[in-house]
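Enquirer:
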Amino acid sequence: MIENLLFELEMAAPQVILGLVNGAFYALLSLGLAIIFGMLNVINFAHGAQFMMGAFVAWMLLAWAGIPYWGALVLAPLIVGVFGVVIERTMIARLYKLDHLYGLLLTFGLALIIEGVFRNGFGSSGLPYAPPAAFNALNIDIPIMFLPGYRVWVVIASVLVCLATWLVIEKTKIGAYLRAATERPELVQAFGINVPRMMTLTYGAGVALAAFAGVLAAPIYSVNPAMGANFIITVFAVVVIGGMGSIMGSVVTGFGLGLIEGLARVVYPEASATVVFVIMAIVLLTRPAGLFGRG
Amino acid sequence: MADTAISVAAPDAVHEEAGLFGFTRAQALAFGVLVAFVLVSPFFLYPVFLMKVLCFALFACAFNLLIGYVGLLSFGHAAFFGMGGYIAGHTAKVWGLTPEIAIIGGGAVGAVLGLGIGWLAIRRSGIYFAMITLAMAQMVYFFCLQAPFTGGEDGIQQIPRGRLFGLIPLDTDFTLYWLVAAIFLGGFLLVHRVVHSPFGQVMKAVRENEPRATSLGYRTDDYKLLAFVLSAGLAGVAGGTKAMVFGIATLTDVHWNMSGEVVLMTLVGGLGTVFGPVVGAAVIVTMQNYLAEFGAWVTVIQGVIFVACVLAFRRGVVGEIGNLLKVRL
Amino acid sequence: MTINRRTLLAGAAALPALGGLPFRSARAQAANTIRIGVMNDQSGTYRDLSGPGSTQAVELAVKESGITQRGVTVEVVQADHQNKPDVGSTVVRQWIDRDGVDVIVDVPTSSVALATNTLVREKNKVFLNSGAATSDLTGAQCSPNTVHWTYDTWMLAQSTGGAMVRAGGKSWFFITADYAFGHALERDTGNFVKAQGGEVLGAVRTPFPGTTDFSSYLQQAQRSRAQVIGLANAGGDTINSIKQAAEFRITRGGRVKLAGLLVFITDVNSLGLEVAQGLVLSETFYWDLNDKTRAFTQRLGAMPGNIKPSMVQAGCYASVLHYLKAVGDMGVAAAKASGVDAVTRMKAMPTNDDAFGEGTIRADGRKIHPCYLFEVKSPAESKGAWDYYKLLGTTPGAQAFRPLTEGSCALVRS
């Protein structure tokens, strides 16, 4: 009996860690979605496509310009973020006075365009992107499992970035303006703060977060045009579960659901893809506003 | 919430004269043109292509009922469309029942599915509603992939067209066309009738100002749910009909891409217009037909149309025409 | 629908030669024209292994058949079925009903192939399948209008499952994509493993589609202490599982081997040897197998995306070559009039081409040729670009495919 339990525990331990890796991506992506939604009231359907762009830009930087992983980790979010800024200025900004659903439709169209262009350019078999050998120092090689150092790094990087984002928004002056502008844009504008520019930069930052997640994902999954589409619907469910009220909420929900998914892989693998949606249904029944939602 | 509600292609004229089925004079005229086109076109155009257009037109009309008149954007309508196809295919192929029963069965299961998903989704509105329907439809997709009766990746193939009422054989495309045309026109008139009934008026009230409708004593959630079920049922009928036409029911029709496509069709034609979904479906299906050779570029072109419609062309084709002629179409 | 650009250009160049009566000439030619429709994946996962490369292979077959010198016009058109059976059946319907296509070639993705199979039989045309895996095409759903050329699931399971056990891989664990295709691959391969005296220790079903992280399943496989991890999945799933197996060092020390049940050389290319080394797989064609295959690859010239031909593309070449031989034999009019007659003639003639060597087509439509078990080389063993495989074993044609009597094909009994 006890031996059995120990064996189960031994089985579960690696899965918990692996679940955290997936949770790291959920957290980064839903964080970006939440920031954009909070400021712009737009659900960014192109988030998955921008995640994919991050991975592709990293690949291009390496293959075409010889810039290694570390460079890509900084440059790719910047490049894709600038792309986001252009999108916001030229398109999304025109929709703020309309129903929010138009923002959803616009970004859905953008997602189709981005994915289609990359599929035409690079095919859909996927491109290899090797993680730097330096991460082998982080390898966890214990009897019950081997955990590649790169995965450890993904969890660390994700936690750090999420924490930094939270600090910026909750503890700095810029963050204070941002929160104020989310609540009462006219008032903040009246204080002489350029709210439209703030919205632009917020969108750029949210997109950059997606691209950062994309660079992190590039060595793990093959870099292919569909990689974002696979993620985004699950991330939407994560967002519905957490509610988009708080930054911390989306991060915690992201990691939590990654964990639950990881455990489901051992207990009942067939259901591991749907477990997030089932949780979403339960949350909707009991707390329609989401776990961290504000009404 | 937003100050400008989605849809509403032309200003609501409250005191319109309503004729048969609630059509205004301009609408009756347009409807006449539509019926004439449906009657004449099979003599000139490829009937299979026309049937495809009509199935998608009905699907888009069902979707438009929600977005156009209740203001709810469902991003999961493929679930009902695809499931309708599977049920119709299974009924006709495995149980050997007649095509009309198969199609009605598809509609009924679509409606039941709509009841379940709608019951969950109407707890939230706006963007959340869209995301919830998308996620729930994704679950339906997983179910269809796993359930033995759907045939997984292969889908249900070789669905027999059978005999209408057990009497009229539907083997030739030309005969089947008239059945599809009748289903389409029936569904189209049903949607229009519902919108112009007292029920439809409450739906519009919910769209314009839900708290106000609630305070007037309407149980708005019941109205929303009923509209959702009706829309899902009609989508199921459309899916069932498509399965009978092509003899095949597959995962394509349950995939979220299909949900996106029906949004696109309605958007191109004009959200909340009577004839928009029909025109939009015709435009998109024709485009897919002629651009099929460009492979992945079709996705890009669809995306460009999406963006163009949202940015510059929110009234859609029919909405623009209506605006030009100063009538509601 | 989509006349290939090259064909169109050729047609335009031929126009002035026809003088002042292009229309009458065109109509007179129609009776003497064979239209070949290459339908496959031009935009998705299977683009590299079929796609435009298949069309190029078909065009080479047309050229080498010599049939055009005898006054027969051959037009090659291509279309994308996007791996969706409904898209595929719409294309085939239009090709046959409106565009006068006589032969449908390639069609990877089993679901689309089965839909095409039904339609082509209904319209009495010819279906030369190279890309699809399902052995139902020559089994329960066999058709007198269809030839299944390159490979099928039975063959893959038999070769990889059986030969691996003979090579010492006695105990297996499967990572199975949780849908009908994955289940069938797992079941068939498991049966061959057991038949050879091996054992199946377990299996894990991974949600399909949408599984991107295979690491936890790989670890479950590793903990089973099986010698072989069988990947009963395809496309992106296989690629991800192989990549992550390398990342998690599942195969380190060489005690555990990965066996891909549906892996193509284009997959190995996109994975790179560093990741794919040691992987065991079965194919019926490898460009560097012998002098003839190398000569064929040479004649094919540069392929789109700088790839070497896959077995699917080679199968498109060989099947069209053989079909055009049969057409030359029986006459264009007779071949166009009845697809059944054309296929019957193909079955009556022995096949011979540079890609697959000598072979035959069985009564159920199954093309018979040897099957090869390969292991992917390590980067150190590879001597150059696309030097990917070393041969582990060969199954002769007679044993490579499911016995005629076991397929429950109606054509065999009659």
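Protein chains in written order, with my numbering: chain A, 1 to 295; chain B, 296 to 624; chain C, 625 to 1038.
Here a beta-carbon is modelled for each residue, glycine too, at the ideal position from N, C-alpha and C.
For the beta strand (DSSP E) that residue 796/C lies in, which residues bound it at each end?
Expert: Start and end: 795 to 801.
Enquirer: Keeping to the same chain, check which residues put their C-beta closer than 6 Å to that of residue 367/B; ignore five residues upstream and five downstream.
Expert: Within the same chain, Cβ atoms closer than 6 Å to the Cβ of residue 367/B are found at 361, 424, the five residues on either side in sequence being excluded.
Enquirer: If you measure between the beta carbons of residue 948/C and residue 689/C, is that distance less than 7 Å?
Expert: yes
Enquirer: Three-state secondary structure (DSSP) at residue 1067/C?
Expert: Residue 1067/C is absent from the model: chain C starts at 625 and stops at 1038.
Enquirer: Per the contact definition of three or more C-beta pairs closer than 8 Å, is the stretch 802 to 817 of chain C in contact with the stretch 853 to 868 of chain C?
Expert: yes
Enquirer: List, in order along the chain, the chain C residues whose C-beta lies closer than 7 Å to that of residue 343/B?
Expert: Under the 7 Å cutoff, chain C gives 717.
Enquirer: Which residues bound the alpha helix (DSSP H) around residue 508/B?
Expert: 505 to 510
Enquirer: In terms of residue numbering, what span does the alpha helix (DSSP H) encompassing residue 811/C cover?
Expert: Where residue 811/C is concerned, the enclosing alpha helix (DSSP H) stretches over 804 to 819.
Enquirer: Would you mind reading off the limits of the beta strand (DSSP E) that contains residue 317/B?
Expert: Segment: none, residue 317/B is in no beta strand (DSSP E) and carries neither H nor E.
Enquirer: What does the alpha-carbon distance come out to for the pair residue 926/C and residue 418/B?
Expert: For residue 926/C and residue 418/B, the distance between alpha carbons rounds to 58 Å.
Enquirer: Would you list the residues sitting across from residue 990/C in a DSSP beta bridge?
Expert: Under DSSP, residue 990/C forms a beta bridge with 772/C.
Enquirer: I'd like the list of long-range same chain contacts for residue 586/B, defined as Cβ closer than 8 Å, with 5 residues on each side in sequence excluded.
Expert: 592, 593, 596
Enquirer: By how many angstroms is the C-alpha of residue 657/C removed from the C-alpha of residue 650/C?
Expert: Its pLDDT being 40, under 50, residue 650/C is placed unreliably by the model, and the measurement read from it follows with that caveat. Rounded to the nearest angstrom, the two C-alpha atoms are 10 Å apart.
Enquirer: Could you please give me the residues that DSSP links to residue 928/C through a beta bridge?
Expert: DSSP output for residue 928/C lists no bridge partner at all.
Enquirer: So which residues of chain A does residue 803/C contact, with C-beta pairs closer than 9 Å?
Expert: Per Cβ cutoff of 9 Å: no residues; residue 803/C is ~11 Å from chain A at best.
Enquirer: List the whole-angstrom C-beta distance separating residue 829/C from residue 269/A, where the pair is believed to meet the contact cut-off of C-beta under 8 Å.
Expert: 6 Å
Enquirer: Anything in the stretch 528 to 557 of chain B with a Cβ closer than 7 Å to a Cβ of chain C? List those residues in chain order, please.
Expert: 541, 543, 545, 547
Enquirer: Which residues, taken in chain order from the stretch 417 to 429 of chain B, show a beta carbon closer than 9 Å to some beta carbon of chain C?
Expert: none
Enquirer: Quick one: using the 10 Å Cβ neighbour count with 16 as the cut-off for buried, is residue 64/A buried or exposed?
Expert: By the neighbour-count rule (16 or more Cβ atoms within 10 Å), residue 64/A is not buried but exposed.
Enquirer: Okay, do the stretch 711 to 721 of chain C and the stretch 958 to 976 of chain C touch, 3+ Cβ pairs below 8 Å being the bar?
Expert: Per the Cβ contact rule, the stretch 711 to 721 of chain C is not in contact with the stretch 958 to 976 of chain C (fewer than 3 Cβ pairs under 8 Å).
Enquirer: Using three-state DSSP, classify residue 391/B as helix, strand or coil.
Expert: coil
Enquirer: Starting from residue 288/A, find everything on chain B with Cβ-Cβ shorter than 8 Å and list it in chain order.
Expert: Simply 418, 419.
Enquirer: Just verifying my parser: in three-state terms, what is the DSSP assignment at residue 613/B?
Expert: helix
Enquirer: Excluding five sequence neighbours on each side, which residues of the same chain lie with their C-beta closer than 6 Å to the C-beta of residue 622/B?
Expert: 321
Enquirer: Under the DSSP definition of a beta bridge, which residues are partnered with residue 46/A?
Expert: In the DSSP output, where bridge partners are listed per residue, residue 46/A has none listed.
Enquirer: Leaving aside the five residues before and after residue 995/C along the sequence, list all residues of the same chain whose C-beta is less than 7 Å from its C-beta, in chain order.
Expert: 779, 783, 906, 908, 1019, 1024
Enquirer: Just tell me which of 831/C, 788/C, 803/C has its CA closest to the CA of residue 815/C.
Expert: 788/C
Enquirer: Over the uninterrupted alpha helix (DSSP H) stretch that includes residue 702/C, give me the two end residues.
Expert: Here residue 702/C belongs to no alpha helix (DSSP H); instead the beta strand (DSSP E) covers 697 to 704.
Enquirer: For residue 502/B, which of helix, strand or coil comes out of DSSP?
Expert: helix
Enquirer: Using the beta-carbon of each residue, which ones in chain B are nearer than 8 Å to residue 179/A?
Expert: Within chain B, no residue comes near residue 179/A; the closest Cβ sits about 20 Å away, beyond 8 Å.
Enquirer: Does any residue of chain B bring its CB to less than 7 Å from the CB of residue 723/C?
Expert: For residue 723/C, not one C-beta of chain B is nearer than 7 Å to its own C-beta.
Enquirer: Starting from residue 884/C, follow its DSSP beta bridges and name the residues at the other end.
Expert: According to the DSSP secondary-structure assignment, residue 884/C is paired through a beta bridge with 855/C.
Enquirer: What residue from 730/C, 822/C, 943/C has the CA that sits closest to residue 756/C's CA?
Expert: 730/C
Enquirer: Nearest to residue 759/C by CA position, among 1036/C, 660/C, 1026/C, is which residue?
Expert: 1026/C
Enquirer: If you pair each beta-carbon of the stretch 386 to 395 of chain B with each one of the stretch 407 to 418 of chain B, do three or more pairs fall below 8 Å?
Expert: no
Enquirer: Just to confirm the assignment, what range does the beta strand (DSSP E) spanning residue 727/C have?
Expert: 727 to 730
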